[in-house]
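Protein chains in written order, with the UniProt record's numbering: chain A, 1 to 184; chain B, 1 to 184.
By construction, the Cβ of each residue, glycine as well, lies at the ideal position given by its N, Cα and C atoms.
Model, not experiment: these values are computed from the prediction.
Below is one structure, written out as structure tokens, with a few remarks after it.
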DNA sequence: CCCATTTGAGACAATGATGTCTCAAATGGG
DNA sequence: CCCATTTGAGACATCATTGTCTCAAATGGG
């Protein structure tokens, strides 16, 4: 069996997103490889985190391209985006919390771009009249990350079925919890 | 100046909720005390985490009592709950992620009780017809935690005004992002 | 089928964080 | 105002994790 870099990083993201203090030993074990091999490919925790950020951002951007955020209604685009994030939910959860480490001020460039695209989607929905305007795009973006992380977490612990991922998040984010008055 | 236990724990919760790998040195510094004093009152990271859980859960329960979750409409109770969680948002963010460590299976008893009360509130809203029934109370509970953590995070980084806390969370959680058709 | 390459397991030293101690300075109650 | 108590700063040993190395076993391409 050859070394599957992306698979190892995905496993690492899944573990680190719920246990940020995991050791290299635990990460290697979660990925099903030895600590020696882990260290051969990623130099220490720093190297691992950098690789995680790089792959996570790349996959996120790919996923956003795939969702064609600029096409159709903002509502449709948002649902497509949520659905498309399912395979990268662990990366997103990791990135969203890891990004908090940039205290110094320097924000990751790639992350800023992802953030900007999501924010632009919410802004587009507000301008088209689809979305309410009393919630800032920045907050909606952050809220989306939080909901994705929460959903990934409930699925990871087996409390929710994976196939409900999109419906859970988009249902809540779009419509809220209040029951709609019977339409028509 | 005497040692303010609750203040130290609040500072620790705030730091740990966004940097789970913080050292004892960093925690002490964030709390404005020396590492020696930190260690005198909380034996190591384990002791600190236990104290954090204990105080966090106690404050959460107090906050839920204060919000009178059983009275009035579920909607009103939910808004009261959100508003009441503002001072303990950092604790909740810490507990929600820290609780993921109980992999072995044993879940913290106090946390289970808090969880149960929130879940019951959502269930009450569904049974009264206020809330939609296609989102499970367990998911709504988890989503609430995620939104609270996200809101606390945006406020901590200065991207949102603290006074918007309740409106941000309740606005999104109750109504969702879709613009309501002009009522009546 | 063989050989170049990679992996896993373990040993070991280096590193960094922690637990523990001492002592001078600060604090605050009586 | 004084003394008992607590704190902060630092030194030091201990511990856990990490970085590095070796070598046998596994792998897979040619």
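| Check | Outcome |
| --- | --- |
| Relative to the C-alpha of residue 111 of chain B, which residue among B/122, B/30, B/98 and B/47 is closest? | B/98 |
| How would you list, in chain order, the residues of chain A whose beta-carbon sits under 7 Å from the beta-carbon of residue 160 of chain B? | 139 |
| Please list, in chain order, the residues of the stretch 58-90 of chain B that have any C-beta partner in chain A closer than 9 Å. | 75 and 78 |
| Just the chain B side, please: which residues come within less than 7 Å of residue 134 of chain A by C-beta, in chain order? | 171 |
| Would you say residue 30 of chain A and residue 11 of chain A are within 8 Å of each other, going by their C-beta atoms? | yes |
| Opposite residue 131 of chain A in the DSSP bridges: which residues? | B/178 |
| Could you give the uninterrupted runs of the alpha helix (DSSP H) lying entirely in the UniProt domain "HTH tetR-type" (2-60) of chain A, keeping only those of 4 residues or more? | 5-18, 24-31 and 35-41 |
| Can you pull the chain B residues whose beta carbon is under 8 Å from the beta carbon of residue 165 of chain A, in chain order? | Those within 8 Å of residue 165 of chain A in chain B number zero; the least Cβ separation is about 11 Å. |
| DSSP three-state call for residue 70 of chain B: helix, strand or coil? | coil |
| Pop quiz: residue 158 of chain A and residue 176 of chain B are said to be a contact at Cβ under 8 Å. What is the actual Cβ separation, rounded to whole angstroms? | About 27 Å; that fails the 8 Å criterion. |
| From residue 62 of chain B to residue 15 of chain B, what does the alpha carbon distance come to, in whole angstroms? | 23 Å |
| Rounding to the nearest angstrom, what Cα-Cα distance links residue 146 of chain B and residue 114 of chain B in this structure? | 15 Å |
| Here's the rule I'm using: 16 or more other beta-carbon atoms within 10 Å means buried, otherwise exposed. How should residue 54 of chain A be labelled? | exposed |
| Taking the alpha-carbon positions, what's the residue 35 of chain B to residue 149 of chain B distance? | 28 Å |
| Going along the stretch 13-25 of chain A in order, which residues come within less than 8 Å of chain B, judged by CB to CB distance? | 18, 19, 20 and 21 |
| As a quick exercise: from A/42, A/126, A/118 and A/129, pick the residue whose alpha carbon is nearest that of residue 187 of chain A. | Nothing in the structure corresponds to residue 187 of chain A, since chain A is present only between 1 and 184. |
| Within its chain, find whatever has a CB closer than 6 Å to the CB of residue 154 of chain B; leave out the 5 residues flanking it on each side and keep chain order. | 160 |
| Using a 10 Å radius around the Cβ and a threshold of 16 neighbouring Cβ atoms, would you call residue 88 of chain A buried or exposed? | buried |
| Mapping DSSP to helix, strand and coil, what is residue 170 of chain A? | helix |
| For residue 159 of chain B, does the three-state DSSP call read helix, strand or coil? | coil |
| Is the Cβ of residue 111 of chain A closer than 8 Å to any Cβ of chain B? | no |
| Does any C-beta atom of chain A lie closer than 8 Å to the C-beta of residue 43 of chain B? | no |
| Per DSSP, what kind of secondary structure is residue 108 of chain A in: helix, strand or coil? | coil |
| Name, please, each residue of chain A whose Cβ falls closer than 8 Å to the Cβ of residue 154 of chain B. | 138, 139 and 142 |
| Judging by CA-CA distance, which residue of A/67, A/72 and A/71 is the nearest neighbour of residue 86 of chain A? | A/67 |
| Around the Cβ of residue 130 of chain A, are there at least 16 other Cβ atoms within 10 angstroms (buried) or fewer (exposed)? | buried |
| For a cutoff of 8 Å on Cβ pairs, would you count residue 124 of chain A as touching chain B? | no |
| For residue 172 of chain A and residue 41 of chain B, I'd like the C-alpha separation in whole angstroms. | 43 Å |
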